[in-house]
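Here it is as structure tokens:
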């Protein structure tokens, strides 16, 4: 009997279990990742290519962190929304429009003055955060998140800080990056394949994001090249609760030699970081140093989103070797999809143009042209893309202690500090300083209120605070008069001189001065009753 013939059949694998044929576009990426670089590339181009390539897993974690920040920011803004996002709050839209000033500084938040519109922005920010973290609807979700964040930042411009702007620019570059290629909802159903070695992402968007992170710290380091920082005193002042410090930061500020070493080390780290980004071998420890740096900022300073956004930015720069070492395992990637890994010509041109705009903005904000105005066309482009590049945070730190207090007279005759939730009034170095105010965005407005461009918000600030207080307290505890003071302790004309400035009042003071005499007599009597021979001299004046 003839034995049946056995035919060899090729095993069948699920389509996603096999890598697609290697395309011509992907081979240079693999070669560059192994250190060889594409044929014909010089050593400088290979070095820059390796330094600015981004691992898809790092971009995925970056996406999740940024999405989480968006949700957290929406929730954090919600309690203060009646004051910051309504027409009768602290930031009236008409005043904000004049404050922004530039016609190309767009904001969806200023399209409508209704209260529901402001709350809708917060809702949109939260939804965009959830979708972004899950990797749903990319890159349109990233674009929507960028629009919402820029709109919120400009709607609340007087209380905006560097972390808000940093978040916006990261989202801008994120529009051009394959944030959903790995660890995203439905990645396995979008024609991907399984791989233990995800391809690094190269291209103009990866280059732009890396340069953006470098620009932030280079600008910050350059801004600290001054006498206060090199004297070793800057961190001691900045970490005080009477500046931007938390309770822990205040303890560090009191550690004299430790604060000095931190002062000298900070600009060195910020200037060295961008340079070391060009050295792939030190990328993992470099990212670790900056993540620890931002973690330290988070627990020692009240600077809102900045430390968390900074951590997200550095996570995006983690090399693939980090994930290999911790055993990330087999993942599903859609890196070969034209819609995610490679930019179409129009988006590539847009990204290149934006990179040029950012470069001009950085040179203008940090070079010798700071005092000059950009040509109108370039200024329009910077405002339209929101790619401003002035990151000189805490560059100028004054050797002083500063505080604010809100003297509120209640219907029952009591006098309390409305800025500190009605606790007993302290007019000199109140316990907890700015940290005791709680709301970090309110801290920012009160800190900036003495400046000329912020003074227009003084009446609405006082009125908004009184309205919010009276709405939540019984008749006997209603505010009948409010004065918001800003004070600082300086070294001249003699040590520990206190300068006290009346920044805002409610009801508003008469333009002719009515009501100021009573305040002057009260303050003069209070100071003479309790002042001893060693009391610090105090000067009090209305804000003009």
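In this note's numbering, the protein residues as written are -6 to 537.
The beta-carbon is built from N, C-alpha and C at its ideal position, and this holds for glycine as well.
Computed from a prediction, not measured in an experiment: that's the story for all the values here.
Let me know the secondary structure DSSP gives residue i once reduced to three states.
i	result
residue 45	coil
residue 236	coil
residue 135	helix
residue 402	strand
residue 481	strand
residue 409	strand
residue 385	coil
residue 495	strand
residue 390	coil
residue 445	helix
residue 93	helix
residue 30	Legend: pLDDT at residue 30 = 44, less than 50; position of this residue unreliable, value from coordinates given subsequently. If DSSP states are grouped into helix, strand and coil, residue 30 belongs with coil.
residue 346	helix
residue 194	strand
residue 61	helix
residue 420	coil
residue 472	strand
residue 440	helix
residue 282	helix
residue 178	coil
residue 395	strand
residue 490	strand
residue 521	Caution is warranted here: a pLDDT of 39 is assigned to residue 521, below 50, making its placement in the model unreliable, and the coordinate value is therefore given only provisionally. Helix.
Would you tell me roughly how many angstroms separate the C-alpha atoms of residue i and residue j, rounded to the nearest one?
i	j	result
residue 346	residue 416	53 Å
residue 161	residue 84	21 Å
residue 392	residue 463	38 Å
residue 25	residue 305	Its pLDDT being 41, under 50, residue 25 is placed unreliably in this model, and the coordinates cannot settle the point.
residue 579	residue 386	No answer is possible for residue 579: the residues shown for the chain start at -6 and end at 537.
residue 432	residue 42	43 Å
residue 137	residue 284	27 Å
residue 242	residue 292	7 Å
residue 250	residue 231	15 Å
residue 53	residue 436	34 Å
residue 39	residue 206	20 Å
residue 494	residue 234	19 Å
residue 444	residue 450	11 Å
residue 239	residue 499	30 Å
residue 273	residue 194	15 Å
residue 142	residue 89	16 Å
residue 455	residue 438	12 Å
residue 212	residue 362	14 Å
residue 67	residue 355	29 Å
residue 220	residue 353	28 Å
residue 203	residue 94	31 Å
Would you mind giving the Cβ-Cβ distance between residue i and residue j, rounded to the nearest angstrom? I have them listed as a contact below 8 Å.
i	j	result
residue 92	residue 150	6 Å
residue 390	residue 227	5 Å
Note down, in chain order, each residue of its chain lying with its Cβ closer than 7 Å to the Cβ of residue i, except the 5 sequence neighbours on either side.
i	result
residue 222	256 and 260
residue 429	413 and 423
residue 106	80 and 86
residue 225	253, 256 and 257
residue 214	260, 263 and 264
residue 75	82 and 461
residue 452	497 and 501
residue 98	147 and 376
residue 266	210, 279 and 283
residue 514	Bear in mind that the predicted position of residue 514 carries a pLDDT of just 42, short of 50, making it too unreliable to give a figure here.
State yes or no: is the C-beta of residue i nearer than 6 Å to some heavy atom of the ligand FAD?
i	result
residue 313	The ligand content of the structure shown is nil, which means the ligand FAD is not present either.
Name the residue from the options whose alpha carbon lies nearest to the alpha carbon of residue i.
i	options	result
residue 317	41, 51, 39 and 43	51
residue 538	233, 247 and 300	A query on residue 538 cannot be resolved here, the shown segment of the chain reaching from -6 to 537 and no further.
residue 404	410, 469 and 344	469
residue 400	438, 478, 127 and 67	478
residue 459	409, 173 and 419	409
residue 475	444, 406, 437 and 447	406
residue 388	271, 70, 210 and 127	210
residue 73	490, 494 and 457	457
residue 339	483, 290, 169 and 195	169
residue 381	110, 351, 279 and 124	351
residue 77	171, 110 and 270	110
residue 298	153, 402, 472 and 367	153
residue 287	132, 308 and 275	308
Kindly list the residues whose CB is nearer than 6 Å to the CB of residue i, restricted to its own chain and excluding five residues on each side of it in sequence; keep chain order.
i	result
residue 383	358
residue 62	301
residue 229	246 and 252
residue 426	234, 235 and 396
residue 510	Because residue 510 sits at a pLDDT of 42, beneath the cut-off of 50, its placement in the model cannot be relied upon, and the following sentence gives the value as read from the coordinates. So no residue of the chain qualifies.
residue 167	135
residue 116	none
Excluding sequence positions up to five away, which residues of its chain have a Cβ less than 8 Å from the Cβ of residue i?
i	result
residue 277	311, 312, 314 and 315
residue 295	237, 238, 239, 427, 428, 433 and 436
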